[in-house]
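Number of protein chains: 2
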Amino acid sequence: MRSSLQGKGRPRAFDRNEALEKALEVFWRQGYEPASVAALCSAMGINAPSLYASFGNKSALFIEALDYYEQAYWSKPAERFLGEPDIARAVENFFLEAAEILLSPDTPCGCMVVLAAINISSEAREVSEAVRRLRFATKKMFADRLQRAVLDGQLAADADIPALAGALNAFLEGLSIQARDGILQAELKAMASHALRLLPSPEAR
Amino acid sequence: MRSSLQGKGRPRAFDRNEALEKALEVFWRQGYEPASVAALCSAMGINAPSLYASFGNKSALFIEALDYYEQAYWSKPAERFLGEPDIARAVENFFLEAAEILLSPDTPCGCMVVLAAINISSEAREVSEAVRRLRFATKKMFADRLQRAVLDGQLAADADIPALAGALNAFLEGLSIQARDGILQAELKAMASHALRLLPSPEAR
DNA sequence: GCTATTTTGTAATAATCACTAAAAAATTGT
DNA sequence: ACAATTTTTTAGTGATTATTACAAAATAGC
Chain A
1 MRSSLQGKGR PRAFDRNEAL EKALEVFWRQ GYEPASVAAL CSAMGINAPS LYASFGNKSA
61 LFIEALDYYE QAYWSKPAER FLGEPDIARA VENFFLEAAE ILLSPDTPCG CMVVLAAINI
121 SSEAREVSEA VRRLRFATKK MFADRLQRAV LDGQLAADAD IPALAGALNA FLEGLSIQAR
181 DGILQAELKA MASHALRLLP SPEAR
Chain B
206 MRSSLQGKGR PRAFDRNEAL EKALEVFWRQ GYEPASVAAL CSAMGINAPS LYASFGNKSA
266 LFIEALDYYE QAYWSKPAER FLGEPDIARA VENFFLEAAE ILLSPDTPCG CMVVLAAINI
326 SSEAREVSEA VRRLRFATKK MFADRLQRAV LDGQLAADAD IPALAGALNA FLEGLSIQAR
386 DGILQAELKA MASHALRLLP SPEAR
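So the sequences go chain by chain: A and B. Heads up: the first sequence begins at 1 in our numbering, then just goes up one per residue. Heads up: the second sequence begins at 206 in our numbering, then just goes up one per residue.
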């Protein structure tokens, strides 16, 4: 009899959050479909029935891991991006931070949102919808910040904001693929430093 | 007894090249692993033993389809890119052509090289190596053309060619993901038109 | 027509997939 | 100690996977 904080039955023998982090790592490295439930269980240190009791099923586990990933890795960079008053600095810093995340020494896998659910069988539509939604959210983040830069007079009023946001988004997504292809972080950062140039040239601002 | 052009045994009842094109379409739309041999057979109009007799196995069929794709869709744009004397025109035209290919009305799937074999189980290493090799080849194409622009005096001598080539490559790869995410071709072209800006600004040239 | 050769369709193979039925084990409250 | 409840482990489920054994069919050369 421990305390009464936990429910009645037999207590869970694993830490749910630790297990989720382990699952995240497997999904991140291998992608949704190549990550078998057996491999997930092995990495999480639990058996299949525990996984299903705690997380529902494979796709629900993936989506929960995906949200955890987004929160853990990208919420602060996004905040800094939106908080930086100068649009050029904001873009430059964000892409340098991104290059660090995409090839951080412990998880050199590119971005999970971009890469983990590209080749997906048609049944798992909820999964591909989840990553798609997050990719659109990133593009919207770019668009919102650019729009503010127009209002601030830092970008020309006739700038094509949707196209520019899309271009920044494409560049960011492409960095993920090259991260996965195994280049050095220094190279990725050198590429990322060019993101700034996608903005209309300073003369026009 | 037809002619003696064909071998001795029972003649093949299908056109090998047509079957390859059908397989290409399935791999392109679905990706390597979600494309089951059964689905491939169905699209190709043949049974599994015919597939294995003609193409070896699934991975060999994919690689052959991949090479066919590269040749059929990208060899001419690449030639034009390398043949255009003005670097700015070369980049601008190439990315507009790319946007058209990525969302051509009959195959609105993004680029097969970029998207078809991202989530791959570790056994099919030959497949992921094949697409990786082609992605590197594209980056090298950018680097070679940019290097020539330096020699031509169209780019500053101190330009960081590898980083610039990587940036163009990242942008191109990112366009594929957005193409897959279902935007309109007009939007994709508007984004693609910004590729030009990744080059060092005209003042520095 | 006969033999050799290759392709065909049918049907099966073993392996792996996501998922779960069932019973034992561990807790809480009485 | 006992009942109620939840998690654990074990061992399966049926479906799907890529691949192939086998025999019938169709050709060429003799």
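Glycine is no exception: its CB is placed at the ideal position from the N, C-alpha and C atoms.
Selected residue, minimal CA-CA separation from MET112(A), among ALA72(A), GLN71(A), PHE27(A), LEU168(A) | For this step, residue 112(A) is matched to residue 112 along the first sequence. Considering only alpha carbons, the answer is PHE27(A).
Any residues in the stretch 223-238 of chain B with a beta carbon nearer than 7 Å to a beta carbon of chain A? Which ones, in chain order?
-> GLY236, TYR237, GLU238
Residue ranges of each alpha helix (DSSP H) run of no fewer than 4 residues wholly in the stretch 288-328 of chain B, ordered along the chain?
-> 292-307, 317-320
Simplified DSSP assignment, three categories, for ALA224(B) = Walking along the second sequence from the start, residue 224(B) turns up at place 19. ALA224(B): helix per DSSP, three-state reduction.
Where PRO77(A) meets chain B, residues with beta-carbon distance less than 7 Å = Taking the first sequence and counting its residues from 1, the one referred to as residue 77(A) is at position 77. In chain order: nothing, as chain B lies at least about 18 Å away.
Got a sec: is the Cβ-Cβ distance from PRO108(A) to anything in chain B below 9 Å?
-> The residue given as residue 108(A) occupies position 108 in the first sequence. No, its Cβ sits nowhere closer than 9 Å to a Cβ of chain B.
Closer than 9 Å to chain B by CB, GLN147(A) = Position 147 of the first sequence, counting from 1, holds the residue named residue 147(A). Answer no: the Cβ-Cβ gap between GLN147(A) and chain B never drops below 9 Å.
Limits of the alpha helix (DSSP H) - the one that ILE63(A) falls within | Locating residue 63(A) in the first sequence gives position 63, where the first residue counts as 1. 58-69 is the extent of the alpha helix (DSSP H) around ILE63(A).
Mind listing the chain B neighbours of ARG215(A)? Cutoff is C-beta to C-beta under 9 Å, in chain order.
-> Nothing about residue 215(A) can be reported from this structure: the residues present for chain A run from 1 to 205 only.
Residues near VAL242(B) by beta carbon distance below 8 Å, same chain, minus five either side | For this step, residue 242(B) is matched to residue 37 along the second sequence. The answer, listed in chain order, is ALA253, LEU256, LYS263.
Over the uninterrupted alpha helix (DSSP H) stretch that includes PRO11(A), give me the two end residues.
-> In the first sequence, counting from the first residue as 1, residue 11(A) sits at position 11. Premise fails: PRO11(A) is in no alpha helix (DSSP H) and is neither H nor E.
Using a C-beta cutoff of 9 Å, does ALA101(A) count as contacting chain B?
-> Position 101 of the first sequence, counted from the start, is the residue given in the question as residue 101(A). For clarity, residue 101(A) is Ile in the given sequence; the question names Ala instead. No, ILE101(A) lies away from the interface with chain B (no Cβ there is under 9 Å from its Cβ).
Own chain residues within Cβ distance below 8 Å of SER326(B), not counting five before or after = Against the second sequence, residue 326(B) aligns to sequence position 121. So the list reads GLU238, once near-sequence residues are dropped.
Would you tell me roughly how many angstroms separate the C-alpha atoms of ASP272(B) and ALA60(A), rounded to the nearest one?
-> As a first step, residue 272(B) is located in the second sequence; it is residue number 67 there, counting from the start. As a first step, residue 60(A) is located in the first sequence; it is residue number 60 there, counting from the start. Rounded to the nearest angstrom, the two C-alpha atoms are 37 Å apart.
Can you tell me the Cα-Cα spacing of LEU103(A) and GLU70(A), whole angstroms?
-> Stepping through the first sequence from its first residue, residue 103(A) is reached at position 103. Stepping through the first sequence from its first residue, residue 70(A) is reached at position 70. Cα to Cα, LEU103(A) sits roughly 16 Å from GLU70(A).
So which residues of chain B does SER121(A) contact, with C-beta pairs closer than 7 Å?
-> Stepping through the first sequence from its first residue, residue 121(A) is reached at position 121. Result: PRO239.
When the Cα atoms are used, what is the spatial distance from ALA117(A) to ALA354(B)?
-> Locating residue 117(A) in the first sequence gives position 117, counting from the first residue. Locating residue 354(B) in the second sequence gives position 149, counting from the first residue. Between ALA117(A) and ALA354(B), the C-alpha separation is close to 38 Å.
Name the residues in the stretch 170-181 of chain A whose C-beta lies less than 9 Å from a C-beta of chain B; which are they?
-> ALA170, PHE171, LEU172, GLU173, GLY174, LEU175, SER176, ILE177, GLN178, ARG180, ASP181
For chain B, is any of its Cβ atoms less than 9 Å away from the one on ARG135(A)?
-> The residue labelled residue 135(A) in the question sits at position 135 within the first sequence. Cβ-Cβ to chain B under 9 Å: yes for ARG135(A).
Is the Cβ-Cβ distance between LEU389(B) and PHE300(B) less than 9 Å?
-> Residue numbering aside, residue 389(B) sits at position 184 when the second sequence is read from its first letter. Residue numbering aside, residue 300(B) sits at position 95 when the second sequence is read from its first letter. Against a cut-off of 9 Å, the Cβ pair of PHE300(B) and LEU389(B) comes out as no contact.
Excluding five sequence neighbours on each side, which residues of the same chain lie with their C-beta closer than 8 Å to the C-beta of ASN374(B)?
-> Here residue 374(B) refers to the residue found at position 169 when the second sequence is read from its first residue. Excluding positions up to five away in sequence, the list reads ARG340, THR343, LYS344, PHE347.
Looking at SER54(A) and VAL114(A), is the spacing between their C-beta atoms short of 9 Å?
-> In the first sequence, residue 114(A) corresponds to position 114, counting from 1. In the first sequence, residue 54(A) corresponds to position 54, counting from 1. No. Outside cutoff.
Output the distance between the C-alpha atoms of MET1(A) and LEU40(A), rounded to the nearest integer angstrom.
-> Taking the first residue of the first sequence as position 1, residue 1(A) is located at position 1. Taking the first residue of the first sequence as position 1, residue 40(A) is located at position 40. Its pLDDT being 41, under 50, MET1(A) is placed unreliably in this model, and the coordinates cannot settle the point.
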